[in-house]
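Structure record follows, encoded as structure tokens.
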Amino acid sequence: MNDDVPATNDDAPAPVHTESIRADGVVAQLDRPAVGASRALVLLAHGAGSDRNSVLLRTLSAGMTARGLTVARIDLPYRQQRPTGPPSPSKADADRAGIAAAIAVLAPLAPGGPLIVGGQSYGGRQASMLLAQDPGLADGLLLTSYPLHPPGKPEKLRVAHLGQVVTPTLIIHGRSDAFATVDEIAEAATLFAGPVEVIHIDRADHGLRPERSGVGALTAAAVDEFFLGGTR
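Start counting the sequence shown at -12; every next residue gets the next number (my numbering).
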């Protein structure tokens, strides 16, 4: 299913308890709603050039905690090793192992409700590859700005594992994303083995322009509806 969602600017702040976690090789920021029980845990990994405190991840977290979801923003292993620079393709398996380790450490801290795993671009891709290998690790997969191919190289598709992804998947896609056109991401969505929904964000590129696209509130609403049935 593909939904066209107009951009808004209603990412309203809500009271949040934030906790830094460092345990068993996991570095994370855990954002919990300050009022009421948590309805789900959403674990987000950052993009290739970023970290757990990126504006985008913090914006996504604010939108979801406002709806009663707990959000864990993690640093992937390569980012723990060095503060800047891209990941090494030869060590992507270590980043996937890092996501699995984060699930083991963080899931017990927010019991109740489903566990949704994913992230921005590279982080989401690694999460999707992990769940293709071990679908029992999570109840849902959230992909923001899935890097379908390098910009200008549509022939170099990153889709080989998608047919093994049975986990329900929500894709958040900027209409101006150079890593995937609207038509390309729609075609890729047909490759997943499980349920998929694609939400297109107006006025948004690969970085989703969190400062003005309204992506925090829009993503939170989509997560609520797709994974939780809008039961808040």
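Even glycine gets a Cβ: it sits at the ideal position worked out from N, Cα and C.
Helix, strand or coil at residue i [DSSP, three-state]
i	result
R66	helix
G123	helix
L44	helix
D170	helix
V153	coil
L56	coil
L96	helix
G106	strand
N-terminal and C-terminal residue of the alpha helix (DSSP H) that residue i is part of
i	result
Q120	109 to 120
E142	Per DSSP, E142 belongs to no alpha helix (DSSP H) and is neither H nor E.
D80	79 to 93
V210	202 to 215
For residue i, the nearest candidate out of the options (CA to CA)
i	options	result
Y109	L128, S200, G36	G36
A126	A81, I103, T57, P76	Here the sequence assigns Asp to residue 126, which means Ala is not the residue at that position. Of the listed residues, the one whose Cα sits closest to D126 is I103.
A176	A147, A165, H33	A147
V42	Q107, A173, F213	Q107
L63	A97, P141, A114	A114
T154	L96, V183, T206	V183
L129	L157, L149, Q151, P137	L157
L149	E174, A165, V58	E174
R145	R162, A167, S163, L124	A167
D80	R112, P122, T71	R112
Straight-line gap, residue i to residue j (C-alpha atoms, nearest Å)
i	j	result
A94	P101	10 Å
A21	G99	16 Å
G181	L118	11 Å
S223	H193	Absent from the structure is residue 223, since the part of the chain shown begins at -12 and ends at 219.
R60	D189	25 Å
D170	H187	11 Å
T52	H160	21 Å
P266	R9	Outside the shown range of the chain (-12 to 219) lies residue 266, about which nothing can therefore be said.
Check: residue i C-beta below 8 Å from any heavy atom of the ligand ATP
i	result
A32	This structure simply doesn't include the ligand ATP, nor any ligand for that matter.
Whether residue i touches residue j by CB criterion (9 Å)
i	j	result
T46	V202	yes
R83	Q120	yes
A87	L28	no
First through last residue of the beta strand (DSSP E) which encompasses residue i
i	result
L157	156 to 161
P32	Sequence check: residue 32 is Ala here, not Pro. Counting along the chain, the beta strand (DSSP E) containing A32 begins and ends at 28 to 32.
D18	13 to 20
R9	3 to 10
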